[in-house]
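Residues 10 to 445 in this note's numbering are what the sequence shown lists, from first letter to last.
Below is one structure; the comments refer to it alone.
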Amino acid sequence: MSERLLFHSTRGAASATLEQAIAAGLAPDGGLYVPEALPRLTIEAFDGAETLPEIASVLLAPFFAGSSLAGALPEICAEALNFPTPLSRLSQRRQAYLLELFHGPTAAFKDIGARFLAACLTRLRRGATQALTILVATSGDTGAAVAAALHRQPGVHVVILYPDGRVSPRQAHQLGCFGDNVQALRVDGSFDDCQRMVKAMLNDSELQAQLPLSSANSISLGRLLPQMSYYAQAALTIWREHGTEAGFIVPTGNLGNALACVWAREMGLPIGYIHLACNANATLPDYFGGADYTPQPTVATLANAMDVGAPSNFERLRWTFPHDNELRSELSASSTNDAEIRQTLVRHAKDEGEIVCPHTATALRVLDELADDGTPRVIAATAHPAKFETVLEPLGISPEVPGSLAAMLYRSASAEALAANEDALREWLLAQVEKA
């Protein structure tokens with residue numbers, strides 16, 4: 010049997026197996042699970058691996074080694090990563106590419122991690138006698154992806170918390186359209202409120218004794234690990250074609266997607282610079298500009314899925330690069346305001362025929378400001394633009410609605426109101442126990 014990798018909390022010495030880390034979501038001390046050390050792979054290790062499932066199987070094998078899921082890893086990858094993530098040329102004027110991550114069931118990159126996590130959980134829970142409740146705080150796209158991945162799965166309930174009025178109408182409809190084992194709660198607050206409430210429940214041992222809980226947010230190791238695979242595939246494609254590293258510009262809020270790119274680079278993939286493209290929530294740009302890391306109140310923006318003032322995965326980033334000087338030398342970050350997002354959306358749609366979502370526009374804004382030095386650059390396109398019609402249509406941009414999204418919008422949808430405090434969520438969850 011291959012050597013088994015253990016996982017530790019970012020806040021202490023508590024250790025867990027892969028199975029325990031995936032099932033728990035959050036470590037007992039409130040920290041996030043990280044491996045003992047990031048495995049290293051050579052580029053040659055991926056020889057013969059072309060498709061996303063094939064690359065993911067090679068990339069993730071060291072994390073799964075010795076676990077009960079190791080033998081099923083290729084099957085899990087094939088089952089979860091069964092839609093395209095194409096790398097399309099942005100413009101003939103520059104060596105730039107769009108990594109399209111929005112071709113899954115809910116039209117957002119979150120489908121990749123959510124489906125992989127669901128495939129792992131369903132295997133880990135075979136034979137379980139008590140239902141598991143998955144708590145999800147979402148700023149727009151995570152909730153629908155998790156709901157779609159776990160809808161009607163036996164022995165699993167999904168509870169989605171989202172900030173009322175701070176997601177797009179189509180996102181809100183997606184969150185509330187599933188029913189069955191999925192319940193949406195519209196919270197009278199911000200995403201950071203939702204995230205704080207979920208973490209409080211996961212750390213409540215008394216509640217956990219009555220109602221087993223886990224998380225499917227980007228704090229979940231089971232979502233983070235597979236997200237490395239599409240960065241690996243894009244980097245390998247460019248390396249094989251041009252023999253050079255690609256730079257990546259990643260729209261980010263809670264830092265899960267960007268951290269996946271960082272970890273892929275640390276594992277040995279041919280990735281050069283990584284730039285974090287943020288909206289007006291400037292916690293990360295301020296830090297990388299030299300300020301102390303200071304979480305800030307959330308600001309509502311057009312790129313709503315990135316409206317995060319206290320990005321959870323910063324703990325994992327600090328674990329990866331423990332010293333401020335080192336961390337700041339490894340990454341860069343910038344902020345784009347709503348006016349600049351609108352300008353970027355209009356310019357690319359009307360001048361170049363490139364219709365993107367507001368989040369992807371923050372990355373395009375960064376690209377537009379870079380000198381064209383021939384370096385291959387990859388923009389992570391995180392969501393389908395049709396999910397943001399209230400932003401795009403007033404600008405004269407009308408993207409076609411993909412079939413999977415249209416089917417969800419055809420269903421009826423509902424969400425229950427909830428106050429933005431831990432007591433309200435605890436009472437709601439306990440009421441579900443009484444109903445059961």
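Every residue gets a Cβ at the ideal spot worked out from N, C-alpha and C, and that includes glycine.
As the structure is a prediction and not an experimental result, all values here were calculated from the model.
Status (buried if at least 16 other CB within 10 Å, exposed otherwise) for residue i
{"i": "L439", "result": "exposed"}
{"i": "P95", "result": "exposed"}
{"i": "M10", "result": "The predicted position of M10 is uncertain, since its pLDDT is 42 and thus under 50; a value taken from the coordinates is nonetheless stated next. Classification of M10: exposed, given that the 10 Å Cβ count is below 16."}
{"i": "H182", "result": "buried"}
{"i": "R175", "result": "buried"}
{"i": "Y419", "result": "exposed"}
{"i": "E324", "result": "buried"}
{"i": "D120", "result": "buried"}
{"i": "V442", "result": "exposed"}
{"i": "P93", "result": "exposed"}
{"i": "T151", "result": "buried"}
{"i": "T399", "result": "exposed"}
{"i": "S18", "result": "buried"}
{"i": "P172", "result": "buried"}
{"i": "S421", "result": "exposed"}
{"i": "P385", "result": "buried"}
{"i": "N334", "result": "exposed"}
{"i": "A390", "result": "buried"}
{"i": "H393", "result": "buried"}
{"i": "N190", "result": "buried"}
{"i": "R49", "result": "exposed"}
{"i": "P163", "result": "exposed"}
{"i": "D201", "result": "buried"}
{"i": "G362", "result": "exposed"}
Three-way DSSP call (helix, strand, coil) for residue i in this model
{"i": "E109", "result": "strand"}
{"i": "Q192", "result": "strand"}
{"i": "V387", "result": "strand"}
{"i": "T142", "result": "strand"}
{"i": "Y171", "result": "strand"}
{"i": "L230", "result": "helix"}
{"i": "V308", "result": "coil"}
{"i": "A291", "result": "coil"}
{"i": "V271", "result": "helix"}
{"i": "A422", "result": "coil"}
{"i": "S238", "result": "helix"}
{"i": "A395", "result": "helix"}
{"i": "V400", "result": "helix"}
{"i": "H332", "result": "coil"}
{"i": "V410", "result": "coil"}
{"i": "V207", "result": "helix"}
{"i": "S148", "result": "coil"}
{"i": "M10", "result": "Confidence in M10 is poor, its pLDDT being 42 and thus under 50, which makes the residue's placement too unreliable to answer from."}
Run of the beta strand (DSSP E) containing residue i, from where it starts to where it stops
{"i": "E425", "result": "425-427"}
{"i": "I283", "result": "280-287"}
{"i": "P260", "result": "255-260"}
{"i": "F323", "result": "Taken as a continuous stretch (DSSP letters only), F323 belongs to no beta strand (DSSP E), being part of the alpha helix (DSSP H) at 323-329."}
{"i": "V43", "result": "42-44"}
{"i": "A380", "result": "It is not in any beta strand (DSSP E) - A380 carries neither H nor E in the DSSP assignment."}
{"i": "A342", "result": "341-344"}
{"i": "H17", "result": "16-18"}
Opening and closing residue of the alpha helix (DSSP H) in which residue i lies
{"i": "S199", "result": "Looking at the DSSP string, S199 is not in any alpha helix (DSSP H), and its letter there is neither H nor E."}
{"i": "S214", "result": "214-219"}
{"i": "H479", "result": "This structure gives no information on residue 479, because the portion of the chain shown stretches from 10 to 445."}
{"i": "F125", "result": "119-133"}
{"i": "S223", "result": "No alpha helix (DSSP H) contains S223, which is instead part of the beta strand (DSSP E) from 222-224."}
{"i": "V155", "result": "151-159"}
{"i": "I31", "result": "27-33"}
{"i": "Q441", "result": "431-444"}
Residue i CB to nearest heavy atom of the ligand COA below 6 Å
{"i": "A372", "result": "This structure does not include the ligand COA; it has no bound ligands of any sort."}
At 3 residues or longer, and completely inside the stretch 53-98: list those beta strand (DSSP E) runs for me, N to C. With a minimum length of 3 residues, no continuous beta strand (DSSP E) run stays inside the stretch 53-98.
Does the stretch 119-139 come within contact of the stretch 404-414, defined as at least 3 CB pairs closer than 8 Å? Counting Cβ pairs under 8 Å, fewer than three are found: no touch.
Take every Cβ of the stretch 57-73, pair it with every Cβ of the stretch 156-166, and state whether three or more of those distances are shorter than 8 Å. The stretch 57-73, when compared against the stretch 156-166, does not touch it at the 8 Å Cβ threshold.
Flag this pair as touching only if the stretch 215-235 and the stretch 330-347 have three or more C-beta atom pairs under 8 Å; answer yes or no. No, the stretch 215-235 is not in contact with the stretch 330-347.
With three or more beta-carbon pairs closer than 8 Å as the criterion, would you say the stretch 264-274 touches the stretch 366-375? Using a Cβ-Cβ distance cut-off of 8 Å, the stretch 264-274 and the stretch 366-375 are not in contact, since fewer than three pairs of beta carbons, one from each stretch, lie closer than that value.
Contained alpha helix (DSSP H) runs [length at least 4] in the stretch 344-374, N- to C-terminal order: Taken in chain order, the complete alpha helix (DSSP H) segments of 4 or more residues contained in the stretch 344-374 are 347-361.
For the 8 Å Cβ check, are there 3 or more pairs between the stretch 207-215 and the stretch 26-42? At 8 Å Cβ cutoff, the stretches touch.
Does the count of Cβ pairs from the stretch 308-318 and the stretch 281-293 closer than 8 Å reach three? Result yes; three or more Cβ-Cβ pairs closer than 8 Å.
When you compare the stretch 105-118 with the stretch 137-145, are there three or more beta-carbon pairs, one atom per stretch, that lie closer than 8 Å? In short, these stretches do not touch, since the Cβ pair count stays below three.
So, do the stretch 424-434 and the stretch 189-200 have three or more beta carbon pairs nearer to each other than 8 Å? Under the three-pair Cβ rule at 8 Å, the stretch 424-434 counts as touching the stretch 189-200.
Under 8 Å: do the stretch 20-29 and the stretch 248-256 share three or more Cβ pairs, one atom per stretch? No, they do not touch.
Three or more beta-carbon pairs under 8 Å between the stretch 227-246 and the stretch 63-81, yes or no? Inter-segment contact for the stretch 227-246 and the stretch 63-81 is present: three or more beta-carbon pairs are separated by less than 8 Å.
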